[in-house]
Amino acid sequence: MTGTATIRGSLEFGFATGRVRACETRLLGRSHLERLLDTDSLGEQVRILSESVYGGYLDDVSEIADVELALRRASADLLGRFLESANLPVHVVRFLRAFEDYNELRGLLKAEALGLAPDVFLGGLGTVNAEKFAAGRLPAYLASVLSVVRGKALLDDETLALDRIDQAVDAEMYRALFRQAKAAKSGFLNKMAGVMVDVANVKALVRTKARGLPSDTLADSFIAGGSLTQEGLAGVYRYSAEEAAAYMTGFGVFSKVDPEALFEPARFDVVADTVIARHAREEAMLVAAGPEPVFAYFFLRRVEIAIVRTLLCGMIAGVPRELLRARLRDVTR
Numbered sequence: 547m548t549g550t551a552t553i554r555g556s557l558e559f560g561f562a563t564g565r566v567r568a569c570e571t572r573l574l575g576r577s578h579l580e581r582l583l584d585t586d587s588l589g590e591q592v593r594i595l596s597e598s599v600y601g602g603y604l605d606d607v608s609e610i611a612d613v614e615l616a617l618r619r620a621s622a623d624l625l626g627r628f629l630e631s632a633n634l635p636v637h638v639v640r641f642l643r644a645f646e647d648y649n650e651l652r653g654l655l656k657a658e659a660l661g662l663a664p665d666v667f668l669g670g671l672g673t674v675n676a677e678k679f680a681a682g683r684l685p686a687y688l689a690s691v692l693s694v695v696r697g698k699a700l701l702d703d704e705t706l707a708l709d710r711i712d713q714a715v716d717a718e719m720y721r722a723l724f725r726q727a728k729a730a731k732s733g734f735l736n737k738m739a740g741v742m743v744d745v746a747n748v749k750a751l752v753r754t755k756a757r758g759l760p761s762d763t764l765a766d767s768f769i770a771g772g773s774l775t776q777e778g779l780a781g782v783y784r785y786s787a788e789e790a791a792a793y794m795t796g797f798g799v800f801s802k803v804d805p806e807a808l809f810e811p812a813r814f815d816v817v818a819d820t821v822i823a824r825h826a827r828e829e830a831m832l833v834a835a836g837p838e839p840v841f842a843y844f845f846l847r848r849v850e851i852a853i854v855r856t857l858l859c860g861m862i863a864g865v866p867r868e869l870l871r872a873r874l875r876d877v878t879r
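If you count by the numbering used here, then the sequence shown holds residues 547 to 879, one letter each, in order.
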């Protein structure tokens, strides 16, 4: 990077980086997570979280739906306010809001599949507010994506399959983000988009293998632009689940991940977001100001919210403590 570009980047992101450094001090520490894992009641978990930024959001939760709604509100406040007030460059906000638009599409379809009200899954962090999403009032491009994803997720009986929703949304989302990163001409966005594409392709491999589908079905979900090739993934697909997991965690973006996590759906989605967050954080450590700290904070907070959701919902559902600890092994160490 030239000296002029460095100065311009520092000016663009100086205020935002200062906000990030302040927000990072309010992320949950290891001691909070250990206390949440060690307690044996929902009330005690809520009390521990009342000492953090989640205080006030979770006071009245007793059911899983309560937790979902409370954390959606927390996410909208913690991340939404950050995007609105951090004085970020337009291309960065657009990228992160687009990421959330696709997650809103995911939530809308999952609510339909589960027969739940859409507001349980909608957080309002995208470019379209949650009320418009719930009512189906979408801009043309998102309505088109919704139609494509719905078609890919439908079963023969015209019901929606949850696992197909995730795979179809991921394919559309990461392709769109990769195009957006290229258009923004940002070196860091291009790096992040490449990491996200690798994550999406490994997720597609895992889901396809879990459904017992032939390897050529990977072609529908494969996204070009990352470090993995379609031929390489097809080769890995021929391995057993254990061999494939060992291979995929031996290099690249998943190199620090427990191999067992790749083929455990309850762990893998959180681990995938953690991989993105860790990559951004490693990049952030190399710069004083820039998009790197912003991305690192954004995705670390998303991972943290997923951890809190897992712990609270696990407690309500009666999931054994050691199983919860195992599920979160890759994101709490």
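Note that the Cβ used here is the ideal one computed from N, Cα and C, for glycine as well. Please read these numbers as outputs of a predicted model, since none were measured by experiment.
Quick one: is residue i buried, meaning 16 or more other Cβ sit within 10 Å of its Cβ, or exposed?
i	result
residue 728	exposed
residue 824	buried
residue 689	exposed
residue 699	buried
residue 839	buried
residue 566	buried
residue 652	buried
residue 664	buried
residue 681	exposed
residue 554	With a pLDDT of only 48 at residue 554, under 50, the local geometry of the prediction cannot be trusted, and no value is derived from it.
residue 685	exposed
residue 656	buried
residue 863	exposed
residue 733	exposed
residue 712	buried
residue 642	buried
residue 784	exposed
residue 794	buried
residue 770	exposed
residue 861	buried
residue 738	buried
residue 910	One cannot answer for residue 910 here, as it falls past the ends of the chain, which runs 547 to 879.
residue 829	buried
If I follow the unbroken alpha helix (DSSP H) through residue i, where does it start and stop?
i	result
residue 764	764-767
residue 720	708-730
residue 678	676-681
residue 736	733-756
residue 846	837-863
residue 782	776-783
residue 794	787-794
residue 572	Per DSSP, residue 572 belongs to no alpha helix (DSSP H) and is neither H nor E.
residue 761	Unbroken run through residue 761: none, as it is neither H nor E.
residue 648	636-660
residue 698	686-699
So, for residue i: in the same chain, excluding its five sequence neighbours on each side, which residues have a beta-carbon less than 8 angstroms away from its beta-carbon?
i	result
residue 548	Since pLDDT at residue 548 reaches only 45, below the 50 mark, its modelled position is unreliable, and no value is offered.
residue 694	714, 718
Short of 6 angstroms in beta carbon distance, which residues of its chain neighbour residue i, apart from the five on each side in sequence? Order them along the chain.
i	result
residue 572	599
residue 659	706, 708
residue 883	Residue 883 lies beyond the stretch modelled for the chain, which goes from 547 to 879, so this question has no answer here.
With a CB to CB cut of under 7 angstroms and the five nearest residues on each side skipped, what residues in its chain are close to residue i?
i	result
residue 850	573, 574
residue 765	776
residue 845	819, 822, 823, 826
residue 499	Nothing in the structure corresponds to residue 499, since the chain is present only between 547 and 879.
residue 703	none
residue 666	611, 614, 615, 657
residue 743	720, 724, 769, 771, 772
In terms of alpha-carbon separation, which member of the options lies closest to residue i?
i	options	result
residue 773	676, 741, 668	741
residue 529	628, 670, 613, 586	Residue 529 falls outside the range modelled here, since the chain spans only 547 to 879, and no answer is possible.
residue 725	654, 788, 637	637
residue 648	625, 770, 692, 614	692
residue 696	714, 577, 788	714
residue 669	633, 620, 787, 640	620
residue 761	853, 751, 792	751
residue 678	654, 662, 661	654
residue 622	603, 608, 640	603
residue 630	671, 594, 865, 875	671
residue 735	865, 816, 645, 596	645
residue 577	564, 687, 595	595
Hey, is residue i's beta-carbon within less than 8 angstroms of any beta-carbon in chain C?
i	result
residue 803	In the structure shown, chain C cannot be found, because there is only a single protein chain.
* State whether the region 774-792 contacts the region 744-763, with contact taken as three or more CB pairs (one from each stretch) at a distance under 8 angstroms. => yes
* Evaluate the contact criterion for the region 754-762 versus the region 717-731: three or more CB pairs, one atom per stretch, below 8 angstroms. => no
* To do: Examine the Cβ distances between the region 576-587 and the region 803-811 and report whether three or more of them are shorter than 8 angstroms.
  => no
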